[in-house]
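Colleague: Residue numbers (my numbering), protein chains in the order written: chain A, 4 to 366; chain B, 65 to 198.
Laid out in structure tokens, this is it:
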């Protein structure tokens, strides 16, 4: 394995044309949620990329995040692993086990000290000295602190690693915490979701690998390209909200007409994620498209934020009047804004007071 | 019982409005292309479509006279829509999954142009072949 070759050199050796490389870059732009015209800039950056070492640690988790990653369609997991990164430790995916596996982790940490990317899924239990989750006889806490010390950056994959997730839900018997609660000295990217969208995991990795820097992050440490807007603001059912058309039960006329699920407890308005556009299962759909409201799984403490079927508190103005103001611009502005400049906010967004998950805690 | 027995109505596309909004966006961009030659792309994967709207957009744009196909790291389909200068470009990976779905406002999609690196490489191969003894 030639670790020091750039991606462009490897592709040239394989007889891949420049045009193919540009096609690959167009797919990368889509994956990274960058403007579609940025393929040539990506090509220039990728030409210099070398494969970084990646260590993936799985702690108090259900393996759903790894399951999600292995269903990533673009690029395929194989190409991501073998062309773009050197995955030196992942105890679920790697062939080695036992002492050989732990040795691979230690070797990678030593050889690439200060340079490797550390991916973590699962929360870290810290109660009673961290005894509630151990790997090879060592606590998750111990292993994280050791691996974090030599990492260039840490990616917290999934809501458990990002925010504590389900293990952290009340009454939190194991004292589960997020990576960011323990590690303060390294840059951390949170890719929340239960699980996160596979294309978002690979998209964020691709961004880091392509540009050698972390993407712009929101106040929760999540990449803005994917978490910059709410499910609600990017939802194809949003115009029905604007028109005041709601499903009241899961089998009424409104539900059959595909109207807004706000009154059935949809957490889309307070949830930041890319489900509405990136979608799931290779683009097949997302929960709202299947007729069920958003659970808000990419927000902190979503499990303790009240019933999944209780409507969110009403926005600042009542739904229909706020919606009417938004409807004028909403339908036109909301649909195209993502393609042009994701940083721009639509008038529809500005006209509504934001509700946070914190507001729901009292319910 | 079949799917047809479940009484699901297809929502009226115009009541959602995303297709009309996007057609307006395309119209604005096409006008800029006509006026100052500015090319641009729209990433369809970044837009919220209902299941029917995507097909609605395809129907609205229709198909024009020209189409092309790339066969590299999976196929790519490119065709000019009913509106000259508006191209629908879909890239697939080797598994056949859509990896990029774009509308490109241009005389010819950029990726169809022969790339200087590839042309130089091809010329070398041609010259090399010509100096080989017959």
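Ideal Cβ placement from N, Cα and C applies to all residues, glycine included.
Using Cβ-Cβ distances below 7 Å, what residues of the segment 227 to 248 of chain A are close to chain B?
Modeller: Here the close residues are 237, 238, 239, 242.
Colleague: Using CA atoms only, rank isn't needed, just tell me which of B:137, B:108, B:168 is closest to residue 145 of chain B.
Modeller: Within the second chain, numbered from 1, the residue matching residue 145 of chain B stands at position 81. Cα-wise, what sits closest to residue 145 of chain B is B:168.
Colleague: How would you label residue 123 of chain B, buried or exposed, when you count the other beta carbons within 10 angstroms and need 16 or more for buried?
Modeller: Taking the second chain and counting its residues from 1, one reaches residue 123 of chain B at position 59. Residue 123 of chain B comes out exposed.
Colleague: Beta-carbon within less than 7 Å of residue 66 of chain B's beta-carbon, same chain only, minus the 5 sequence neighbours each way: which residues are those?
Modeller: The residue given as residue 66 of chain B occupies position 2 in the second chain. So no residue of the chain qualifies.
Colleague: By alpha-carbon positions, which one of A:42, A:187, A:112, A:22 ends up nearest to residue 60 of chain A?
Modeller: Counted from its first residue, the first chain places residue 60 of chain A at position 57. For residue 60 of chain A, the nearest C-alpha among the options comes from A:112.
Colleague: Hey, out of A:278, A:293, A:266, A:292, whose CA is closest to residue 310 of chain A's CA?
Modeller: Residue numbering aside, residue 310 of chain A sits at position 307 when the first chain is read from its first letter. Nearest C-alpha to residue 310 of chain A: A:266.
Colleague: Three or more C-beta pairs under 8 Å: does that hold for the segment 221 to 234 of chain A against the segment 270 to 278 of chain A?
Modeller: With a cut-off of 8 Å, the segment 270 to 278 of chain A and the segment 221 to 234 of chain A count as touching, because enough Cβ pairs lie within range.
Colleague: State buried or exposed for residue 133 of chain B, treating a residue as buried only when at least 16 other CB atoms are found within 10 Å of its CB.
Modeller: Position 69 of the second chain, counted from the start, is the residue given in the question as residue 133 of chain B. Burial call: exposed.
Colleague: Between the beta-carbon of residue 133 of chain A and the beta-carbon of residue 144 of chain A, is there less than 7 Å?
Modeller: For the purposes of this step, residue 133 of chain A is taken as residue 130 along the first chain, with counting starting at 1. For the purposes of this step, residue 144 of chain A is taken as residue 141 along the first chain, with counting starting at 1. Against a cut-off of 7 Å, the Cβ pair of residue 144 of chain A and residue 133 of chain A comes out as a contact.
Colleague: Would residue 180 of chain A and residue 194 of chain A be called neighbours here (beta carbons separated by less than 7 Å)?
Modeller: By 1-based counting over the first chain, the position of residue 180 of chain A is 177. By 1-based counting over the first chain, the position of residue 194 of chain A is 191. No, the pair does not count as a contact, with Cβ atoms beyond the cut-off.
Colleague: How many Å lie between residue 334 of chain A and residue 160 of chain B at the Cα?
Modeller: Along the first chain, read from residue 1 onward, the residue named residue 334 of chain A stands at position 331. Along the second chain, read from residue 1 onward, the residue named residue 160 of chain B stands at position 96. Caution is warranted here: a pLDDT of 40 is assigned to residue 334 of chain A, below 50, making its placement in the model unreliable, and the coordinate value is therefore given only provisionally. Their Cα atoms are separated by approximately 32 Å.
Colleague: Just verifying my parser: in three-state terms, what is the DSSP assignment at residue 135 of chain A?
Modeller: Taking the first chain and counting its residues from 1, the one referred to as residue 135 of chain A is at position 132. Three-state DSSP puts residue 135 of chain A in coil, outside helix and strand.
Colleague: Which stretch, first to last residue, makes up the beta strand (DSSP E) that contains residue 235 of chain A?
Modeller: Within the first chain, the letter at position 232 stands for residue 235 of chain A. Run containing residue 235 of chain A: none; DSSP gives neither H nor E here.
Colleague: Could you check whether the Cβ of residue 184 of chain B sits closer than 7 Å to any Cβ belonging to chain A?
Modeller: For the purposes of this step, residue 184 of chain B is taken as the residue at position 120 of the second chain. Not an interface residue.
Colleague: Going along the chain, which unbroken runs of the alpha helix (DSSP H) with 4 or more residues stay wholly within the segment 159 to 245 of chain A?
Modeller: As far as the segment 159 to 245 of chain A is concerned, its whole alpha helix (DSSP H) runs of at least 4 residues are 162 to 166, 182 to 185, 201 to 214, 227 to 230, 241 to 245.
Colleague: List, in chain order, every chain B residue whose beta-carbon is nearer than 8 Å to that of residue 280 of chain A.
Modeller: In the first chain, the residue the question calls residue 280 of chain A occupies position 277. Chain B residues near residue 280 of chain A: 109, 110, 111, 112.
Colleague: Excluding the five sequence neighbours on either side, which residues of its own chain have a C-beta within less than 7 Å of the C-beta of residue 289 of chain A, listed in chain order?
Modeller: Looking up residue 289 of chain A in the first chain gives position 286. Within the same chain, residue 289 of chain A has close Cβ partners 278, 279, 282, 283.
Colleague: Just the chain A side, please: which residues come within less than 7 Å of residue 105 of chain B by C-beta, in chain order?
Modeller: For the purposes of this step, residue 105 of chain B is identified with residue 41 of the second chain, where counting begins at 1. Near residue 105 of chain B (Cβ distances below 7 Å), the residues of chain A are 39, 40.
Colleague: Assign residue 312 of chain A to one of two classes, buried (16 or more other C-beta atoms within 10 Å of its C-beta) or exposed (fewer than that).
Modeller: In the first chain, counting from the first residue as 1, residue 312 of chain A sits at position 309. By the neighbour-count rule (16 or more Cβ atoms within 10 Å), residue 312 of chain A is not buried but exposed.
Colleague: With burial defined as no fewer than 16 other Cβ atoms inside 10 Å of the residue's Cβ, what is the status of residue 163 of chain B: buried or exposed?
Modeller: On the second chain, position 99 is the one that residue 163 of chain B refers to. Classification for residue 163 of chain B: buried.
Colleague: At 7 Å on the CB atoms, spell out the chain A contacts of residue 136 of chain B, in chain order.
Modeller: Sequence index remark: in the second chain, residue 136 of chain B carries index 72 (1-based). Near residue 136 of chain B (Cβ distances below 7 Å), the residues of chain A are 20, 22, 23, 26.
Colleague: Between the beta-carbon of residue 52 of chain A and the beta-carbon of residue 212 of chain A, is there less than 7 Å?
Modeller: Residue numbering aside, residue 52 of chain A sits at position 49 when the first chain is read from its first letter. Residue numbering aside, residue 212 of chain A sits at position 209 when the first chain is read from its first letter. Closer than 7 Å, so yes.
Colleague: Which of helix, strand or coil does DSSP assign to residue 90 of chain B?
Modeller: The residue given as residue 90 of chain B occupies position 26 in the second chain. Helix.
Colleague: Under 7 Å, Cβ to Cβ, is there at least one residue of chain B near residue 46 of chain A?
Modeller: Sequence index remark: in the first chain, residue 46 of chain A carries index 43 (1-based). Judged by the 7 Å Cβ criterion, residue 46 of chain A is not in contact with chain B.
Colleague: Closer than 7 Å, CB to CB, is residue 171 of chain B near chain A or not?
Modeller: By 1-based counting over the second chain, the position of residue 171 of chain B is 107. Not an interface residue.
Colleague: Given that residue 178 of chain A touches chain B, what residues does it touch there, using C-beta distances under 7 Å?
Modeller: Here residue 178 of chain A corresponds to residue number 175 of the first chain, with the count starting at 1. Correct list: empty, because the minimum Cβ distance to chain B is about 40 Å.
Colleague: Mark residue 124 of chain A as exposed unless 16 or more other C-beta atoms lie within 10 angstroms of its C-beta, in which case mark it buried.
Modeller: Translated into the one-based positions of the first chain, residue 124 of chain A becomes position 121. So residue 124 of chain A counts as buried.
Colleague: Please report whether the beta-carbon of residue 155 of chain B lies at a distance below 7 Å from any beta-carbon of chain A.
Modeller: Start at 1 with the first residue of the second chain, and residue 155 of chain B comes out as number 91. For residue 155 of chain B, the answer is yes, since a Cβ of chain A falls inside 7 Å of its Cβ.
Colleague: Assuming residue 133 of chain B is part of the beta strand (DSSP E), what are its boundary residues?
Modeller: As a working mapping, residue 133 of chain B is identified with position 69 in the second chain. Segment 131 to 135, the beta strand (DSSP E) holding residue 133 of chain B.
Colleague: Report yes or no: is there a C-beta of chain A within less than 7 Å of the C-beta of residue 161 of chain B?
Modeller: As a first step, residue 161 of chain B must be located in the second chain, where it is residue number 97. With 7 Å as the cut-off, residue 161 of chain B counts as an interface residue toward chain A.
Colleague: What number of angstroms, rounded off, separates the C-alpha of residue 356 of chain A from the C-alpha of residue 83 of chain B?
Modeller: Taking the first chain and counting its residues from 1, the one referred to as residue 356 of chain A is at position 353. Taking the second chain and counting its residues from 1, the one referred to as residue 83 of chain B is at position 19. Low confidence applies to residue 356 of chain A: its pLDDT is 34, below 50, so where it sits in the model is not reliable enough to give any reading.
Colleague: Below 9 Å on C-beta distance, what does residue 179 of chain B contact in chain A?
Modeller: As a working mapping, residue 179 of chain B is identified with position 115 in the second chain. Near residue 179 of chain B (Cβ distances below 9 Å), the residues of chain A are 20, 21, 22, 24, 25.
Colleague: Under 7 Å between the Cβ atoms of residue 63 of chain A and residue 170 of chain A?
Modeller: On the first chain, residue 63 of chain A is found 60 positions in, with the first residue counted as 1. On the first chain, residue 170 of chain A is found 167 positions in, with the first residue counted as 1. Yes, the pair counts as a contact, with Cβ atoms nearer than the cut-off.
Colleague: Taking 7 Å as the threshold (beta carbon to beta carbon), is residue 15 of chain A in contact with chain B?
Modeller: Looking up residue 15 of chain A in the first chain gives position 12. Residue 15 of chain A does not count as touching chain B.
Colleague: If you measure between the beta carbons of residue 166 of chain A and residue 303 of chain A, is that distance less than 7 Å?
Modeller: As a position in the first chain, residue 166 of chain A is number 163, starting the count at 1. As a position in the first chain, residue 303 of chain A is number 300, starting the count at 1. Yes, the pair counts as a contact, with Cβ atoms nearer than the cut-off.
Colleague: Are the C-beta of residue 81 of chain B and some C-beta of chain A separated by less than 7 Å?
Modeller: Here residue 81 of chain B corresponds to residue number 17 of the second chain, with the count starting at 1. Yes - at least one Cβ of chain A is within 7 Å of the one on residue 81 of chain B.
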